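First the structure, in the form of structure tokens, and then the observations on it.
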Amino acid sequence: MGKKKIFLKAVLIGDGGVGKTSLLIRHVDKKFSTDYKPTLGFDISLKTITVQENQVELLIWDVAGQSIFKEIRQSYLEGSHCALLVYDITNHETFDNTGLWLKELKKYAGEVPFILVGNKIDLQDKRLISAESGEEKAKELGAVGFFETSAKNGDKVDDAFELLTSKSVQFFQSQT
Ligand code: G3D
Ligand code: MG
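If you read the sequence shown in the working numbering, its first letter stands for residue 7, the second for the next number, and so on.
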């Protein structure tokens, strides 16, 4: 059996301002930018990750702007194989909204693996959501993993994307 090439569509979801774009920039380009220009529509980045001898091409979709229009949201979420569901540990509302984002994902993409991510852990003095609450939420929502990250200093960012990729490959291999 030769090596297989697998293409997966991953979407970044969660409220505006939680750090989705920053996490993507950190993972794909290995840098943190504070002055990138948000564009209209989507950005799609490609990340190649090797999982069990298979070359996985992760196409990571990121939506521009603070909120997503309903019409756009459908085409954004449809056909997703997996998702990174992000909240900000310094912002309660973003944590409470994770359930709504998951509902949207399920509506358009079905039951796909996702990882819950609590971002901005460099801001410890502003933390409002404990790691324990995050863990609990991840279980309650049915996430395949949970990480606390910092897009600012890179903490656990690659781990989150890599776990998402390997869990997704497992998931889709178990379905065929
Ligand atoms: P979004 O794509 O989810 O809307 P962004 O979020 O990636 O645009 O980030 C929103 C703001 O949070 C940005 O600040 C960004 O620099 C900041 N941010 C993202 N991740 C982190 C993090 O891990 N730690 C800290 N301290 N800040 C973060 P501005 O000021 O540019 O709006
Ligand atoms: Mg963004």
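In this text, a Cβ means the ideal position worked out from N, Cα and C, and glycines have one as well.
Remember, predicted model here, so these are calculated numbers, not experimental data.
| Query | Result |
| --- | --- |
| Reference N125, options N159, Y114 and L83, closest by Cα | N159 |
| Inter-residue spacing [alpha-carbon to alpha-carbon] between T27 and D68 | 7 Å |
| Backbone CA spacing between V92 and S51 [nearest angstrom] | 18 Å |
| Alpha carbon of E138 to alpha carbon of K53, nearest angstrom | 30 Å |
| Limits of the alpha helix (DSSP H) - the one that K113 falls within | T104 to A115 |
| Backbone CA spacing between Q181 and Y82 [nearest angstrom] | 23 Å |
| Three-pair Cβ contact test at 8 Å for the region 95-112 versus the region 54-65 | no |
| CB-CB length for S174 against L29, believed under 8 Å | Rounded, the Cβ-Cβ distance is 17 Å, inconsistent with contact. |
| Terminal residues of the beta strand (DSSP E) in which I12 lies | K11 to I19 |
| Reduced DSSP category for K53 - H, G, I as helix; E, B as strand; rest coil | strand |
| Completely contained beta strand (DSSP E) runs for the region 134-166, where each covers 3 or more residues | 151-154 |
| Cut-off 6 Å between Cβ atoms - residues of its own chain near E141, not counting five sequence neighbours on either side | F152 |
| As assigned by DSSP and simplified to three states, the class of Q176 | helix |
| Distance, I66 Cα to I194 Cα | Because residue 194 is not part of the residues shown, which for the chain are 7 to 182, the question remains open. |
| C-alpha gap between K11 and L64, whole angstroms | 11 Å |
| Helix, strand or coil at D94 [DSSP, three-state] | strand |
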